[in-house]
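S.K.:
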Amino acid sequence: MGKNSLLKSTSKKKKSASKKKDEEMTVKTKKAVSKTKKAAKKAKAAPKAKAAPKAKKKPAVRAKKVSAKKAAPAKAAAEKAAAEKAAVKKFTAEKTDAEKVAEPEVSIACGPPADGDTTVDDPMEKAMKYAAAVFVLLIALIIAASAMNSNKYYIKPSDGTVEIWQGKFSPMGEELLIMLPGTQPPETIKDVYSKADVYPLISNYYVEKADTLLQVPGMPDFEGIRAYLNKAMSYATSAEVSQIAQARLNDIDLMILMYKADVAASKETVADLENAKSYLAEAAKLDIDDLKLEIVEQKVDAIDEILAELKAEAALAPAPAE
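Residue numbering for the sequence shown follows the working numbering, starting at 9 and increasing by one per position.
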């Protein structure tokens, strides 16, 4: 109990000391305030000194500060509005620039398109291309069908004559190629014949016609024989038929040249005999067999003997008187 009473008494003493200090401080502050008030009253009551103009300026400065303080919020609001307006303007400008970059400019050019142009074809143009392709395909098919039809041949016997028809150069149709009177049709009858079946028949027909002219009594028709043989060669489809026709032509040429040589040699003049030898020289160049070549050489020897006799007689004959 004694300790508690001591503690309480000490705490009370401390509290009283702190209260005294506070009271002293308040008294001092009151005195200072009263002094400042008195000094201010004296300053108001005192006459104006030379530095009075400076004292007058102080209220103006304060007024300016007050007006500046009042105008600061309005100025800040104006600056804020201007900043917002500039930001909006900048945003719209950036947006328009972005749209210009996103949307490429479309230009109409009269020249050819660039190499890397990947424009989508017009449906009408695409349809026209397909139509053109179909048209070309149809033309190709028509040409192929026409070529196939032109390679078809038909044999039609009619009153002792064989008619040979050939397909036209068109998908359908046929036309008469040649008539072969006195010719027998082939043993095997077909609906359609090929070129290899028909051409030998025509070639043999012309060879037989040439042989018939050779057997005519009297002077043979060499030009007619040659014409038939040339036609036979034009229809020859094998080397054998061509060789037969060429051999006939060589025989005709040999006969013509030997006939001309005989006519010239019969005149028994030096000039005519020389012409006869030239005809025989041409005959020797033909593609003839050895037997015929030997006959030509015998004729040449005979003409040489006649020429030698004529030249000897001319040398022995007396010169004509002047």
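We treat Cβ as the ideally placed atom computed from N, Cα and C, and that holds for glycine.
Quick check: what's the CA-CA separation for Y221 versus S250?
M.R.: Position 213 of the sequence shown, counting from 1, holds the residue named residue 221. Position 242 of the sequence shown, counting from 1, holds the residue named residue 250. Correcting the residue type first, residue 221 is Leu in the shown sequence and not Tyr. Computed Cα separation, rounded: 19 Å.
S.K.: Extract the residue ranges of the beta strand (DSSP E) inside the stretch 233–298, only unbroken runs of 3 or more that lie entirely within it.
M.R.: Complete beta strand (DSSP E) runs here, min 3: none at all.
S.K.: D270: which of E305, G226, Y243 and Y287 sits nearest, CA to CA?
M.R.: Taking the first residue of the sequence shown as 1, we reach residue 270 at position 262. Cα-wise, what sits closest to D270 is Y287.
S.K.: Indicate whether L188 and V206 have their beta-carbon atoms separated by less than 7 Å.
M.R.: Reading the sequence shown from its first residue, position 180 is the one you call residue 188. Reading the sequence shown from its first residue, position 198 is the one you call residue 206. In this structure, V206 does not lie closer than 7 Å to L188 by Cβ.
S.K.: Determine, for I314, whether the minimum Cβ-Cβ distance to residues of chain C falls below 7 Å.
M.R.: Among the chains of the structure shown, chain C does not appear; only one protein chain is present.
S.K.: Exposed or buried, G168, counting other C-beta atoms within 10 Å across all chains shown (16 or more means buried)?
M.R.: Indexing the sequence shown from 1 puts residue 168 at position 160. Exposed, because fewer than 16 other Cβ atoms sit within 10 Å of the Cβ of G168.
S.K.: Taking Cβ to Cβ, would you say A273 is nearer than 7 Å to I303?
M.R.: By one-based count along the sequence shown, residue 273 stands at place 265. By one-based count along the sequence shown, residue 303 stands at place 295. Their beta carbons are not under 7 Å apart, which means A273 does not touch I303 by this criterion.
S.K.: Could you please give the first and the last residue of the uninterrupted alpha helix (DSSP H) stretch that includes K176?
M.R.: Position 168 of the sequence shown, counting from 1, holds the residue named residue 176. Note, K176: premise wrong, no alpha helix (DSSP H); not H, not E.
S.K.: Buried or exposed, going by whether 16 or more other CB atoms sit within 10 Å of the CB of Y161?
M.R.: For this step, residue 161 is matched to residue 153 along the sequence shown. Buried is the call here.
S.K.: Looking at L294 and D261, is the spacing between their C-beta atoms short of 7 Å?
M.R.: If you number the sequence shown from 1, residue 261 lands on position 253. If you number the sequence shown from 1, residue 294 lands on position 286. A contact, by the Cβ cut-off of 7 Å.
S.K.: Taking only three categories from DSSP, how would you classify A322?
M.R.: Taking the first residue of the sequence shown as position 1, residue 322 is located at position 314. A322: helix per DSSP, three-state reduction.
S.K.: Based on DSSP bridge pairs, tell me the residues matched to I186.
M.R.: Along the sequence shown, read from residue 1 onward, the residue named residue 186 stands at position 178. According to DSSP, I186 bridges with I172.
S.K.: How many Å lie between K239 and S211 at the Cα?
M.R.: Against the sequence shown, residue 239 aligns to sequence position 231. Against the sequence shown, residue 211 aligns to sequence position 203. Going from the Cα of K239 to the Cα of S211 covers about 7 Å.
S.K.: Just the C-alpha distance for E87 and T100, rounded to the nearest angstrom, thanks.
M.R.: Working through the sequence shown from its first residue, we reach residue 87 at position 79. Working through the sequence shown from its first residue, we reach residue 100 at position 92. So the alpha carbons of these two residues sit roughly 20 Å apart.
S.K.: Any idea what DSSP makes of K97, helix, strand or coil?
M.R.: Taking the sequence shown and counting its residues from 1, one reaches residue 97 at position 89. The answer is helix: DSSP assigns K97 an H, G or I state.
S.K.: For the beta strand (DSSP E) containing K160, list its first residue and its last residue.
M.R.: Position 152 of the sequence shown, counted from the first residue, corresponds to residue 160. Unbroken run through K160: none, as it is neither H nor E.
S.K.: Measure how close the beta-carbons of I172 and I163 come, nearest whole angstrom, since I'm counting them as under 8 Å.
M.R.: The sequence position of residue 172 within the sequence shown is 164, counting from 1. The sequence position of residue 163 within the sequence shown is 155, counting from 1. That pair is a contact at about 6 Å.
S.K.: For my contact list, A153 and P179 are in at a C-beta cut-off of 8 Å; report their separation, rounded to the angstrom.
M.R.: Residue numbering aside, residue 153 sits at position 145 when the sequence shown is read from its first letter. Residue numbering aside, residue 179 sits at position 171 when the sequence shown is read from its first letter. Correct: roughly 4 Å between the Cβ atoms.
S.K.: Start and end of the alpha helix (DSSP H) containing T220?
M.R.: Within the sequence shown, the letter at position 212 stands for residue 220. Taken as a continuous stretch (DSSP letters only), the alpha helix (DSSP H) holding T220 covers K203 to L222.
S.K.: State the CB to CB distance for the pair Y236 and A247, rounded to an integer number of angstroms; the pair is presumed to be in contact (CB under 8 Å).
M.R.: Position 228 of the sequence shown, counted from the start, is the residue given in the question as residue 236. Position 239 of the sequence shown, counted from the start, is the residue given in the question as residue 247. Rounded, the Cβ-Cβ distance is 20 Å, inconsistent with contact.
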